[in-house]
Each structure stands twice: as structure tokens, then as C-alpha cells.
Amino acid sequence: MITEYRMLNSQDQYVRLIEQYQVLELDASGQIWLMLNIVDVSSNQEDLDESQSQLLNFRTGNIIPMEASRKIGLELTKRELEILKLVKTGLLSKEISNKLSISVHTVNTHRQRFLEKLGANNSFEALLFATKFGLLD
Numbered sequence: 173m174i175t176e177y178r179m180l181n182s183q184d185q186y187v188r189l190i191e192q193y194q195v196l197e198l199d200a201s202g203q204i205w206l207m208l209n210i211v212d213v214s215s216n217q218e219d220l221d222e223s224q225s226q227l228l229n230f231r232t233g234n235i236i237p238m239e240a241s242r243k244i245g246l247e248l249t250k251r252e253l254e255i256l257k258l259v260k261t262g263l264l265s266k267e268i269s270n271k272l273s274i275s276v277h278t279v280n281t282h283r284q285r286f287l288e289k290l291g292a293n294n295s296f297e298a299l300l301f302a303t304k305f306g307l308l309d
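If you read the sequence shown in our numbering, its first letter stands for residue 173, the second for the next number, and so on.
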């Protein structure tokens, strides 16, 4: 995820910054273990008040503006959202399949679909994006 925002510096001037997050590694339970966070001064120093965020799929190069969050929320099915929320609680695919009385294959299919729709490389990124989009509220 890439976010651009303004911050007041020590000289009382606003400076636009770019912050980028990239999940590098997950632990055995699928939780974040290692993440890279880069903050840099933006080359765009326009006088805009609003923050801008976008999602970047590093595999495909697809960029999804955060304004598209409503559309993405509508594209996720009820079942995909339900499974994403269960992933957030730390459940694994087998545990989700038992809880919902569906096959592990079906759970994994839904997981793959929400990863694709959110432009995420893994479940942690999907949860990060879905949280930013307000899909898990």
C-alpha cells in the first residue's frame, strides 16, 4: 500500500510524504512476521490538503486508488467478506471450513478470489487493505 500525506516540519512548513508498506514474510499462522515500511519526501509538493492512498500489486503492477474502495466492497461477496473476517480472527482454512460447514477447497477458492479483488499478495495484505477500505467494520 502507498499513502501520500502532508506533515508539518520543524520550520512550520507542510511537506508531502510518501509512505509505502510491503509485507515480506508471514509466520506459520499467517500473521505478519516481517514488513518493510518506507517513508520518503514526495516529489509532488503541491498544496493539496487531502491525503491520497492507493494499493499497488507488486506482482501485476496494478494500482487501485483508495477512492475505488466502495466499488471493491461491492465486488466482494458476502461469503468472501465472511471468510475474510474469520481470517482476521486468526482462523486457518480448515477451521473456517469446519465453522461454516463447507469444504477447505471452497474456503481456499474464496480466499483466492478476495486476494485477487483486493490486489493483495497474501492474507495479511488483504486484511490491511480491507481495514483501510472499511470493509471489516
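Cβ coordinates follow ideal geometry from the N, Cα and C atoms, glycine included.
| request: Would you identify the three-state DSSP class for residue 268, choosing helix, strand or coil? | output: Translated into the one-based positions of the sequence shown, residue 268 becomes position 96. Note: residue 268 maps to helix in three-state DSSP.
| Backbone secondary structure at residue 255 - three-state DSSP | By 1-based counting over the sequence shown, the position of residue 255 is 83. Of the three classes helix, strand and coil, the one that applies to residue 255 here is helix, per DSSP.
| said: Tell me the rounded alpha-carbon separation between residue 260 and residue 232. | reply: Here residue 260 refers to the residue found at position 88 of the sequence shown. Here residue 232 refers to the residue found at position 60 of the sequence shown. Those two C-alpha atoms are separated by around 25 Å.
| message | When you compare the CB positions of residue 298 and residue 263, do they come within less than 8 Å of one another, or not? | response | Along the sequence shown, read from residue 1 onward, the residue named residue 298 stands at position 126. Along the sequence shown, read from residue 1 onward, the residue named residue 263 stands at position 91. No. Outside cutoff.
| field | Per-residue DSSP class, three states only, for residue 197 | value | Translated into positions along the sequence shown, residue 197 becomes position 25. In the structure shown, residue 197 sits in a strand (DSSP, three-state: E or B).
| message | Quick check on residue 302: buried or exposed, where buried means 16 or more other Cβ atoms within 10 Å of its Cβ? | response | Within the sequence shown, the letter at position 130 stands for residue 302. Per the 10 Å Cβ criterion, buried.
| Through-space distance from residue 216 to residue 307, alpha-carbon basis | For the purposes of this step, residue 307 is taken as residue 135 along the sequence shown, with counting starting at 1. For the purposes of this step, residue 216 is taken as residue 44 along the sequence shown, with counting starting at 1. About 30 Å.
| request: Could you spell out the range, first to last residue, of the beta strand (DSSP E) harbouring residue 307? | output: Taking the sequence shown and counting its residues from 1, the one referred to as residue 307 is at position 135. Neither: residue 307 is in no beta strand (DSSP E) and is coded neither H nor E.
| N- and C-terminal bounds of the alpha helix (DSSP H) containing residue 287 | On the sequence shown, position 115 is the one that residue 287 refers to. First-last of the alpha helix (DSSP H) with residue 287: 276 to 290.
| Sorted by chain position, which residues of the same chain lie with C-beta nearer than 6 Å to residue 246's C-beta, five sequence neighbours on each side aside? | In the sequence shown, the residue the question calls residue 246 occupies position 74. Confidence at residue 246 is low in this model, with a pLDDT of 48, below 50, so the placement of that residue is unreliable and no value is reported for it.
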